[in-house]
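Notes to accompany the following structure.
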Amino acid sequence: MERTEQELRRLEELDLLEQAGLTAYPYSFEKTHNALDILKNYSDENSAEFSNVSIAGRIMAIRRMGKAAFCHILDASGKIQIYMRKDDIPDFYDNLKYLDIGDIIGVKGFVFRTKTGEISVHTKEIQLLCKSITPLPVPKEETDEQGNKIIHDAFTDKETRYRQRYVDLIVNYPIRDVFIKRSKIISQMRKYFDEKGWLEVETPILQPIYGGASARPFVTHHNALDIPLYLRIADELYLKRLIVGGFEGVYEISKNFRNEGMDKMHNPEFTSMEIYVAYKDYNWMMEMTEDVINTIANEVLGTTDINYDGKNISLQKPFKREKMFDLFKKYIGKDIFGASLQELLQIAEENKVELPANAPYSKIIDEIFSELVQPNLINPTFVIDYPIEISPLAKKHRNQEGLVERFELFINGSEVANAFTELNDPRDQRNRLEQQAIERAKGDEEAMVLDEDFLHALEIGMPPTAGLGIGIDRLVMLLTGQTSIRDVLFFPQLKPEK
RNA sequence: GACUCGGUAGCUCAGCUGGUAGAGCAUUAGACUUUUAAUCUAAGGGCCAUGGGUUCGAUCCCCGUCCGAGUCACCA
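Just remember that the numbering used here sits 4 ahead of the position in the first sequence, which is counted from 1.
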């Protein structure tokens, strides 16, 4: 391994510190406060309560001035300034020159306010808790007259930020808010479902037959069984088996895997939430969906008004509800319900919607929708009643031939949720999956695979059920203002280096 | 997968019409006991992503490769 000049120097310093009798990697440290506890609660009146604090954190800046020094340390709550004088720590002070940005220290002392007014900790005892060998990027932070923070030499290289997220989290400290919000969004969602009495469950990730969505899977191999296994593309079919089994509300928050392209909206592994509730239909599910999103926004953000990508979006319920074919009418000026393949192709051509060669009917509808309608759906909109061809797991519409009871929720032109009144007539389900098998035989790699055991479960009998899937990553993007999925994942998929 | 842009010091970047590199921060040495982008003085640090080509000579021009970003395509 090649080491840089700075790393070699730090390794030497580490030796020197150890020769001086210090432990560079001790086992624990007793903290009494976080940086934020002190900054928020300290005042000149109650300073006595802060006469003996113990804090720890990573050195982010150090200013040595002869026989006194200042540094800023960063802990999980934020940054705080430390003041050190040779008089107070005579034994340690000479070692200060061997401390670097990136080292972790523990400090005991009293809180005070400096001449310039910054709340700081005056060190009485100091201990090295971890010596850092590899230098961190060193951005500088300036506060201008208006109190705005200006970052100089920010650590901006996306590739390194994603590959070394641990560095990114330290140096670009504010990004941790996105991940904290992500965690809160998920726990609020869980809380909402748990309070309703629905059961969080786990179903197989390794599946002998994949299903529940139209996508290409990852394939792996089980050695002992000597069979191929697929990483799940959706939870749907297993969760419905559990409804058959007698649970009346089950949900799962989990990773799905799709072997497809990656871009700002797609990562090969992504998190989704799927929930199935017995005796309900998609109308009920729409209300539940807007309620859960509304609740999460209020709990996590404290508001339902968000700004995303320069657009103001209201998550106030109720959300708009639009029938899919009404939207077609609205945005292409034509009723295409029941249109022939020829007519659809013509519309696609007129509107410059590009289609793959020999696209099936369902694909064309889908393309026309995503090109001409979807981008217009900025405020939350439930698009309801889809053509049967593109929804093989949804129940036939109770009033209208050729449609199913399905909705998708679009916000800012992007799909956030997908739901239907679940198809529970085993005869119809078999027909539809057989139709998929035909599409598959014709070369549609994404068409669903027929799962006999799933059909068997439906033949045992599944009560009327409503099902919903929410793309957690996209919801998090929306609620945190991020425009790339990579920025809501700690470790987005990248090509291996070299 | 296609196109565009990018890869130069630990970090952020500059580098002219081709003449083998520059700044700030970081680092090192010195000064400084309330600094805060600390300051002042001095110094070190580079296989210019990578492999070829053109040229007397390539960070720069040409071709290939790798990695990333963006757009499109594929894809919910």
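Glycine included, every Cβ here is placed at the ideal spot set by N, Cα and C. Keep in mind that this is a model prediction, so the values were computed, not measured.
Residue i: first and last residue of the uninterrupted alpha helix (DSSP H) it sits in
i: residue 481; result: 476 to 484
i: residue 367; result: 365 to 372
i: residue 409; result: Counting along the chain, residue 409 falls outside any alpha helix (DSSP H), though it belongs to the beta strand (DSSP E) covering 407 to 415.
i: residue 352; result: 345 to 354
i: residue 460; result: 456 to 464
i: residue 137; result: First-last for residue 137: undefined, no H or E at that position.
i: residue 16; result: 9 to 23
i: residue 269; result: Unbroken run through residue 269: none, as it is neither H nor E.
8 Å contact criterion, which residue i and residue j should meet: CB distance rounded
i: residue 274; j: residue 236; result: So it is not a contact: roughly 12 Å between Cβ atoms.
i: residue 276; j: residue 473; result: 6 Å
i: residue 84; j: residue 127; result: About 12 Å separates the two Cβ atoms, so there is no contact after all.
i: residue 407; j: residue 394; result: Actually they are not in contact, since the Cβ atoms of residue 407 and residue 394 sit about 11 Å apart, beyond 8 Å.
i: residue 107; j: residue 140; result: About 10 Å separates the two Cβ atoms, so there is no contact after all.
i: residue 398; j: residue 425; result: 7 Å
i: residue 56; j: residue 114; result: 7 Å
i: residue 109; j: residue 184; result: At roughly 25 Å, the Cβ-Cβ gap does not stay under 8 Å, so residue 109 and residue 184 are not in contact.
i: residue 290; j: residue 411; result: 6 Å
Exposure label - residue i; buried when at least 16 CB within 10 Å
i: residue 69; result: exposed
i: residue 316; result: exposed
i: residue 208; result: exposed
i: residue 458; result: buried
i: residue 36; result: exposed
i: residue 24; result: exposed
i: residue 264; result: exposed
i: residue 29; result: exposed
i: residue 506; result: In this structure the chain extends from 5 to 502, so residue 506 is not present and cannot be described.
i: residue 59; result: buried
i: residue 283; result: exposed
Under the three-state DSSP convention, the category residue i falls into
i: residue 66; result: strand
i: residue 56; result: coil
i: residue 154; result: strand
i: residue 93; result: coil
i: residue 76; result: strand
i: residue 492; result: helix
i: residue 144; result: strand
i: residue 183; result: helix
i: residue 30; result: coil
i: residue 446; result: coil
i: residue 391; result: strand
i: residue 382; result: coil
i: residue 168; result: coil
i: residue 243; result: helix
i: residue 47; result: coil
i: residue 497; result: coil
i: residue 334; result: helix
i: residue 193; result: helix
i: residue 376; result: helix
i: residue 435; result: helix
i: residue 261; result: strand
i: residue 35; result: coil
i: residue 304; result: helix
Residue i - containing beta strand (DSSP E), residue span
i: residue 280; result: 273 to 282
i: residue 298; result: That residue, residue 298, is in no beta strand (DSSP E); its alpha helix (DSSP H) goes 286 to 300.
i: residue 323; result: Taken as a continuous stretch (DSSP letters only), residue 323 belongs to no beta strand (DSSP E), as it is neither H nor E.
i: residue 177; result: Looking at the DSSP string, residue 177 is not in any beta strand (DSSP E), and its letter there is neither H nor E.
i: residue 235; result: 231 to 235
i: residue 105; result: Neither: residue 105 is in no beta strand (DSSP E) and is coded neither H nor E.
i: residue 213; result: That residue, residue 213, is in no beta strand (DSSP E); it is neither H nor E in DSSP.
i: residue 224; result: 223 to 226
In DSSP terms, what residue i is bridged to
i: residue 203; result: 254
i: residue 115; result: 125
i: residue 40; result: BP columns for residue 40 are empty, so no partner.
i: residue 418; result: 415
i: residue 441; result: Paired residue(s): none; residue 441 is not in a bridge.
i: residue 309; result: 318
i: residue 82; result: 79
i: residue 131; result: 110
i: residue 398; result: 426
i: residue 88; result: 73
i: residue 249; result: DSSP lists no partner for residue 249.
i: residue 327; result: 388
i: residue 469; result: 282
i: residue 61; result: 109
Near the ligand COA: residue i beta-carbon under 7 Å from a heavy atom
i: residue 485; result: What this structure holds is no ligand at all, so the ligand COA is not there to describe.
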